[in-house]
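Undergrad:
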Amino acid sequence: MTESSGLIQEYDVFDPSKPRPHIIFIIGGPGSGKGTQTAKIAAHYDFEYVSVGEILRKQLLQHAPSDRKWELIAKIIANGELAPQETTIEELKHQFIKKQGAKGFIVDGFPREISQAFTFEEQIGSPDLVILLACSNQQLRQRLEKRALQQGRPDDNTHAIEKRLETFKHNITFIAKYYQERGIIVRVDADREEDDIFTDINTTVKERLFPNEIKEE
1265 MTESSGLIQE
1275 YDVFDPSKPR
1285 PHIIFIIGGP
1295 GSGKGTQTAK
1305 IAAHYDFEYV
1315 SVGEILRKQL
1325 LQHAPSDRKW
1335 ELIAKIIANG
1345 ELAPQETTIE
1355 ELKHQFIKKQ
1365 GAKGFIVDGF
1375 PREISQAFTF
1385 EEQIGSPDLV
1395 ILLACSNQQL
1405 RQRLEKRALQ
1415 QGRPDDNTHA
1425 IEKRLETFKH
1435 NITFIAKYYQ
1445 ERGIIVRVDA
1455 DREEDDIFTD
1465 INTTVKERLF
1475 PNEIKEE
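The C-terminal position of the sequence shown is numbered 1481 in my numbering, with every residue numbered one higher than the one before it.
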């Protein structure tokens, strides 16, 4: 791919003649409830729900047995490490391009490292809002162990859980600082009941993205 074709690909993600859809990131440690809250907010606002982890797991099921690239990615994820950045960004682009008419996108579990935030901004744009689900390590471990028994996900084995918690702890400081400097991150206490967390996220989305509708109420 030439440099110019790469630039064209970047600008083709959204139609420049139309307003760009809202983009919200929901981030937090593994087991913080990102998937649950992302799905609820997406349904509430009629936004497209995009789960990076779910997309990658589907691709692994489809390609890992016969595709060398995905076979390697499967091993990386099973070890509790992050999928290659290039793969993650490309999969996100595909989701956005496929759903051009969406009112907005709410993305679960992205970015997971600061370089992903930089690359997303360069190739797609800046999110309108970032929600950080803050959860204690003890709570995260309990939820992950429970999920491992119920769902049997390959990245919920004991070694992977500890590796993912360690990776999250290392990366979240840089990610939070980056979005804090831009004034677009809001911290939500995720050590509470699901409905209470949703209420706080919903209030934040209304205040940040739809302030005029609040005034009308």
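C-beta: ideal position from N, C-alpha, C; glycine also.
In chain order, which continuous runs of the alpha helix (DSSP H) of length 4 or greater are located wholly inside the segment 1364-1432?
TA: Counting whole runs of 4 or more residues, the segment 1364-1432 contains the alpha helix (DSSP H) stretches 1378-1387 and 1401-1415.
Undergrad: Considering only DSSP beta bridges, list what G1344 is partnered with.
TA: In the sequence shown, counting from the first residue as 1, residue 1344 sits at position 80. None; G1344 has no bridge partner.
Undergrad: I believe T1302 touches Y1313 by the beta-carbon criterion, under 8 Å. Please report the beta-carbon distance rounded to the nearest angstrom.
TA: In the sequence shown, the residue the question calls residue 1302 occupies position 38. In the sequence shown, the residue the question calls residue 1313 occupies position 49. Between Y1313 and T1302 the Cβ distance is about 6 Å, and since that is below 8 Å, they are a contact.
Undergrad: Does the distance from the C-beta atom of I1436 to that of D1372 stay below 8 Å?
TA: Stepping through the sequence shown from its first residue, residue 1436 is reached at position 172. Stepping through the sequence shown from its first residue, residue 1372 is reached at position 108. Result no, Cβ atoms of I1436 and D1372 do not sit closer than 8 Å.
Undergrad: Is the CB of N1435 under 8 Å away from at least one CB in chain C?
TA: No chain C appears in the structure shown, which is made up of a single protein chain.
Undergrad: Could you pull the start and end residues of the alpha helix (DSSP H) that I1291 belongs to?
TA: In the sequence shown, counting from the first residue as 1, residue 1291 sits at position 27. Taken as a continuous stretch (DSSP letters only), I1291 belongs to no alpha helix (DSSP H), being part of the beta strand (DSSP E) at H1286 to G1292.
Undergrad: Below 8 Å, how does it come out for the segment 1352-1363 and the segment 1382-1395: are there three or more Cβ pairs, yes or no?
TA: Taking 8 Å as the limit for Cβ pairs, the verdict is that the segment 1382-1395 does touch the segment 1352-1363.
Undergrad: Exposed or buried, which one is Q1364 when buried takes at least 16 other CB atoms within 10 Å?
TA: As a working note, residue 1364 is residue 100 in the sequence shown. That one is exposed.
Undergrad: Pick out whichever of I1288, G1368, E1335 and E1345 has its Cα sitting closest to the Cα of E1374.
TA: By one-based count along the sequence shown, residue 1374 stands at place 110. Rather than Glu, the amino acid found at residue 1374 in this sequence is Phe. Answer by Cα proximity: I1288.
Undergrad: Looking at C-alpha atoms only, which residue of Q1406, E1426, K1357 and I1465 is the closest neighbour of T1449?
TA: Here residue 1449 refers to the residue found at position 185 of the sequence shown. It should be noted that the sequence gives Ile, not Thr, for residue 1449. Per the Cα distances, I1465.
Undergrad: Skipping 5 residues on each side, what residues in its chain have a beta carbon closer than 6 Å to that of K1304?
TA: By one-based count along the sequence shown, residue 1304 stands at place 40. Within the same chain, K1304 has close Cβ partners F1462.
Undergrad: Measuring alpha carbon to alpha carbon, tell me which residue in F1474, D1459 and R1472 is nearest G1297.
TA: Translated into positions along the sequence shown, residue 1297 becomes position 33. For the residues F1474, D1459 and R1472, the minimum Cα distance to G1297 belongs to D1459.
Undergrad: Just the Cα atoms here: how many angstroms apart are L1346 and Q1414?
TA: In the sequence shown, the residue the question calls residue 1346 occupies position 82. In the sequence shown, the residue the question calls residue 1414 occupies position 150. Rounded to the nearest angstrom, the two C-alpha atoms are 23 Å apart.
Undergrad: Beta-carbon within less than 6 Å of G1344's beta-carbon, same chain only, minus the 5 sequence neighbours each way: which residues are those?
TA: Translated into the one-based positions of the sequence shown, residue 1344 becomes position 80. Excluding residues within five positions, the ones whose Cβ falls inside 6 Å are A1424, K1427 and R1428.
Undergrad: How would you label E1377, buried or exposed, when you count the other beta carbons within 10 angstroms and need 16 or more for buried?
TA: Translated into the one-based positions of the sequence shown, residue 1377 becomes position 113. Answer is buried; the Cβ neighbour count reaches 16.
Undergrad: Given that a residue counts as buried once 16 or more other Cβ atoms are within 10 Å of its Cβ, and exposed if not, what is G1447?
TA: Locating residue 1447 in the sequence shown gives position 183, counting from the first residue. Its Cβ having fewer than 16 others within 10 Å, G1447 is exposed.
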